[in-house]
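Undergrad: Please read through the structure below; I'll follow up with questions.
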Amino acid sequence: MDNFIDPQDGRLDGSQFILDNAVGFLPVPLTVTDPAVGVGGGAALLFFHESEERKQKRLAGEEVKDIPASTSGLMALGTNNGSHLYGGFHSGNWMNDRIRYLAAYSVPNSISSSILWQNQHQWT
């Protein structure tokens, strides 16, 4: 339980646990409440993994809070009007965290927007 207590203020804090155990999956529920596309939901599955540089520092007993773990993820969502979105991403770092990058790709299967159609209809 000591991993969940901040040594500075004694309060509940999970950041050190995450830094020391930066490998694993995290499911994240997603909700959509937008009048343009309807209501719906989906899920994202995140995978946290370490770079070799970060792992070597951590195993040597050095502090690793200055080097974030890399994160990869997949997501999918859908709404009640038939809109769907699928995608994935990766966030990482190179050269001992001197270069950070984020790459993402998404595919909107079909975005059905009643507000856009109404606005287009009003302009004609």
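For the sequence shown, my numbering assigns the number 132 to the last residue and increments by one with no breaks.
Glycine is no exception: its CB is placed at the ideal position from the N, C-alpha and C atoms.
1) Excluding the 5 residues flanking GLY86 on each side, which residues of the same chain have their C-beta closer than 7 Å to its C-beta?
2) Taking only the alpha-carbon atoms, compute the straight-line gap between PRO43 and ALA84 and give it to the nearest angstrom.
3) Could you check if ILE59 is buried or exposed, using at least 16 other CB atoms within 10 Å of its CB as the buried criterion?
4) Determine the closest residue to VAL45 out of LEU110, ALA112 and ASN88, with distance taken between C-alpha atoms.
5) On the three-state DSSP scale, how would you describe ASN89?
6) Could you tell me whether the Cβ atoms of TYR109 and GLY100 are closer together than 8 Å?
7) At 3 residues or longer, what runs of the beta strand (DSSP E) sit wholly inside the stretch 21 to 107?
8) May I ask you to list the residues that DSSP assigns as paired with PRO116?
9) Please say whether LEU34 and LEU20 have beta carbons closer to each other than 8 Å?
10) Label ARG62 either buried or exposed according to how many other C-beta atoms from any shown protein chain fall within 10 Å of its C-beta, with 16 as the threshold for buried.
11) Which residues in the same chain have their Cβ closer than 8 Å to the Cβ of LEU38, if we skip the five residues on either side of it in sequence?
TA: Quick look at the numbers:
1) GLY48, GLY50 and HIS92
2) 19 Å
3) Looking at the sequence shown, residue 59 is not Ile but Ser. Buried is the call here.
4) ASN88
5) coil
6) yes
7) 32 to 42, 46 to 57, 78 to 87 and 92 to 102
8) LEU93
9) no
10) buried
11) GLY49, GLY50, ALA51, ALA52, MET83 and LEU85
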